[in-house]
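Residue numbers (my numbering): 29 to 395.
Positions of the beta carbon are idealized from the N, C-alpha and C atoms, including for glycine.
Here the structure is a predicted model, which means the values were calculated and not measured.
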Ligand code: GDD
Ligand code: MG
């Protein structure tokens, strides 16, 4: 089977992480995010994948190549300008088989695509959407179904008064190629959620209630949650299996003198100085340096970050090549962009976002 993955969004809600790295290849526990999706597809026998790119397409291609390392045939389609989720589908039309999967490219999941396909065949659907229960559907597409699983209504980003089910569109569809016939011509900006699915109601649109793990990683909070869930084995991934076999601590560094607390992943070339602590659901990318008495908890530090003595980092994300001075406190969903320099004695909190290249002098910010 074939799959089209939508990977062309700008990832605005994940900025400044996505200011310099396209969302599909933002590292998640040491590997490009889309690699998790490709491994999930492969487990369900899908080996022919088209990536619908737009924003920073070359960077995506540079990281993933032709897919052969993952045992997948990977092709790239580059939209001249953002065409929306439906426009990206229409743009791919010439490459598509009669029946194919279409997936949002920012979802970490292990739902059963094989069972979804079985239901699609059984009901004779033209489109089968995976549905997943969430606490607050307002950030998603709300889907109301009838007892026979046919979709009665699809409401993208519903208002509070419309929240009468917790089932949302999980961003994994099986489509028959003929649903493209009635769409606006290629090159038009179209939302599949707002403009195609509502027109398919009563005309072969079905919902499949998925089980397992599901998370849209498109905000810093959810990106961190997905990190914790991989480390703790709450979602079925190859990384999780590797971690599970090694006592939840994948430590590749040669220079660890401080304490490393599972679950944790520490990549090659890192150093953790004496009396420093790293762990409790943290990830260090390659070449990270942690100085004496520093503490890193429930945080992600990408490649080549340097953390000064006595600095604490909790529940935050630090981009590539960031330098943080001594005695800083970074806590509560802070996102630091690539190449930022933070002088000593700064306190960053409450979801602060520091954009790439910024230099904060010593003691510039306190709470
Ligand atoms: N190629 C291409 N071109 N891809 C795009 C474009 C585009 O113009 N716009 C968005 N995408 C991709 C994004 O990269 C992402 O992988 C996917 O389409 C969904 O876009 P988001 O911007 O992340 O949408 P959302 O999270 O607000 O809502 C969507 O996903 C929810 C589940 O996570 C909708 O499909 C909702 O109905 C759904 O519940
Ligand atoms: Mg999303």
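CB contact flag (residue i, residue j, <8 angstroms)
{"i": "residue 25", "j": "residue 344", "result": "Missing from the structure shown is residue 25; the chain here goes from 29 to 395 and no further."}
{"i": "residue 201", "j": "residue 157", "result": "yes"}
{"i": "residue 298", "j": "residue 276", "result": "no"}
{"i": "residue 334", "j": "residue 351", "result": "yes"}
{"i": "residue 346", "j": "residue 327", "result": "yes"}
{"i": "residue 284", "j": "residue 300", "result": "yes"}
{"i": "residue 197", "j": "residue 169", "result": "yes"}
{"i": "residue 296", "j": "residue 314", "result": "yes"}
{"i": "residue 71", "j": "residue 100", "result": "no"}
{"i": "residue 171", "j": "residue 194", "result": "no"}
{"i": "residue 74", "j": "residue 119", "result": "no"}
{"i": "residue 254", "j": "residue 42", "result": "no"}
{"i": "residue 396", "j": "residue 224", "result": "As shown, the chain starts at 29 and ends at 395. That puts residue 396 outside it, with no answer to give."}
{"i": "residue 54", "j": "residue 88", "result": "no"}
Length of the line joining the Cα atoms of residue i and residue j
{"i": "residue 322", "j": "residue 357", "result": "10 angstroms"}
{"i": "residue 190", "j": "residue 174", "result": "17 angstroms"}
{"i": "residue 183", "j": "residue 307", "result": "41 angstroms"}
{"i": "residue 207", "j": "residue 155", "result": "8 angstroms"}
{"i": "residue 329", "j": "residue 35", "result": "24 angstroms"}
{"i": "residue 282", "j": "residue 86", "result": "33 angstroms"}
{"i": "residue 364", "j": "residue 209", "result": "45 angstroms"}
{"i": "residue 65", "j": "residue 238", "result": "16 angstroms"}
{"i": "residue 84", "j": "residue 50", "result": "6 angstroms"}
{"i": "residue 230", "j": "residue 395", "result": "56 angstroms"}
{"i": "residue 39", "j": "residue 272", "result": "31 angstroms"}
{"i": "residue 280", "j": "residue 102", "result": "29 angstroms"}
{"i": "residue 373", "j": "residue 388", "result": "10 angstroms"}
{"i": "residue 147", "j": "residue 386", "result": "51 angstroms"}
{"i": "residue 270", "j": "residue 278", "result": "8 angstroms"}
{"i": "residue 377", "j": "residue 109", "result": "36 angstroms"}
{"i": "residue 186", "j": "residue 111", "result": "22 angstroms"}
{"i": "residue 264", "j": "residue 251", "result": "16 angstroms"}
{"i": "residue 76", "j": "residue 188", "result": "40 angstroms"}
{"i": "residue 226", "j": "residue 37", "result": "22 angstroms"}
{"i": "residue 159", "j": "residue 60", "result": "25 angstroms"}
{"i": "residue 107", "j": "residue 166", "result": "29 angstroms"}
Range covered by the beta strand (DSSP E) that runs through residue i
{"i": "residue 182", "result": "179 to 184"}
{"i": "residue 307", "result": "305 to 307"}
{"i": "residue 169", "result": "169 to 173"}
{"i": "residue 160", "result": "155 to 161"}
{"i": "residue 137", "result": "135 to 137"}
{"i": "residue 199", "result": "195 to 204"}
{"i": "residue 298", "result": "Where residue 298 is concerned, there is no enclosing beta strand (DSSP E), given that its DSSP letter is neither H nor E."}
{"i": "residue 103", "result": "101 to 106"}
{"i": "residue 35", "result": "30 to 35"}
{"i": "residue 78", "result": "76 to 81"}
{"i": "residue 312", "result": "310 to 312"}
{"i": "residue 211", "result": "From DSSP, residue 211 is part of no beta strand (DSSP E); its letter is neither H nor E."}
{"i": "residue 127", "result": "127 to 132"}
{"i": "residue 358", "result": "357 to 359"}
{"i": "residue 341", "result": "340 to 342"}
Range of the contiguous alpha helix (DSSP H) that encloses residue i
{"i": "residue 225", "result": "225 to 228"}
{"i": "residue 148", "result": "141 to 151"}
{"i": "residue 47", "result": "45 to 48"}
{"i": "residue 383", "result": "Taken as a continuous stretch (DSSP letters only), residue 383 belongs to no alpha helix (DSSP H), as it is neither H nor E."}
{"i": "residue 257", "result": "248 to 259"}
{"i": "residue 91", "result": "85 to 92"}
{"i": "residue 235", "result": "Element bounds for residue 235: not the alpha helix (DSSP H) but the beta strand (DSSP E), 233 to 237."}
{"i": "residue 279", "result": "Counting along the chain, residue 279 falls outside any alpha helix (DSSP H), though it belongs to the beta strand (DSSP E) covering 277 to 279."}
{"i": "residue 269", "result": "266 to 272"}
{"i": "residue 70", "result": "61 to 71"}
{"i": "residue 353", "result": "First-last for residue 353: undefined, no H or E at that position."}
{"i": "residue 113", "result": "112 to 119"}
Assumed close pair residue i, residue j - CB separation to whole angstroms, cut-off 8 angstroms
{"i": "residue 47", "j": "residue 384", "result": "5 angstroms"}
{"i": "residue 390", "j": "residue 353", "result": "7 angstroms"}
{"i": "residue 293", "j": "residue 58", "result": "6 angstroms"}
{"i": "residue 131", "j": "residue 31", "result": "6 angstroms"}
{"i": "residue 393", "j": "residue 375", "result": "6 angstroms"}
{"i": "residue 98", "j": "residue 63", "result": "7 angstroms"}
{"i": "residue 44", "j": "residue 382", "result": "7 angstroms"}
{"i": "residue 310", "j": "residue 331", "result": "About 14 angstroms separates the two Cβ atoms, so there is no contact after all."}
{"i": "residue 121", "j": "residue 214", "result": "7 angstroms"}
Contact with chain B by residue i, beta-carbon distance below 8 angstroms
{"i": "residue 223", "result": "Looking for chain B here will not work: only one protein chain is present."}
Evaluate the contact criterion for the segment 218 to 226 versus the segment 139 to 148: three or more CB pairs, one atom per stretch, below 8 angstroms. No contact exists between the segment 218 to 226 and the segment 139 to 148.
Closer than 8 angstroms is the cut-off here; do at least three beta carbon pairs connect the segment 89 to 100 with the segment 117 to 132? Segments in contact, no.
Any contact between the segment 244 to 259 and the segment 145 to 159? By contact I mean 3 or more CB pairs, one from each, below 8 angstroms. Short answer: they don't touch.
Three or more beta-carbon pairs under 8 angstroms between the segment 274 to 290 and the segment 68 to 83, yes or no? Output reads no: the segment 68 to 83 does not touch the segment 274 to 290.
Within the chosen definition, does the segment 233 to 246 reach the segment 130 to 138 through at least 3 CB pairs nearer than 8 angstroms? The segment 233 to 246 vs the segment 130 to 138: in contact.
Between the segment 170 to 189 and the segment 229 to 241, are three or more C-beta pairs nearer than 8 angstroms? Three or more beta-carbon pairs separated by less than 8 angstroms link the segment 170 to 189 to the segment 229 to 241, which places the two stretches in contact.
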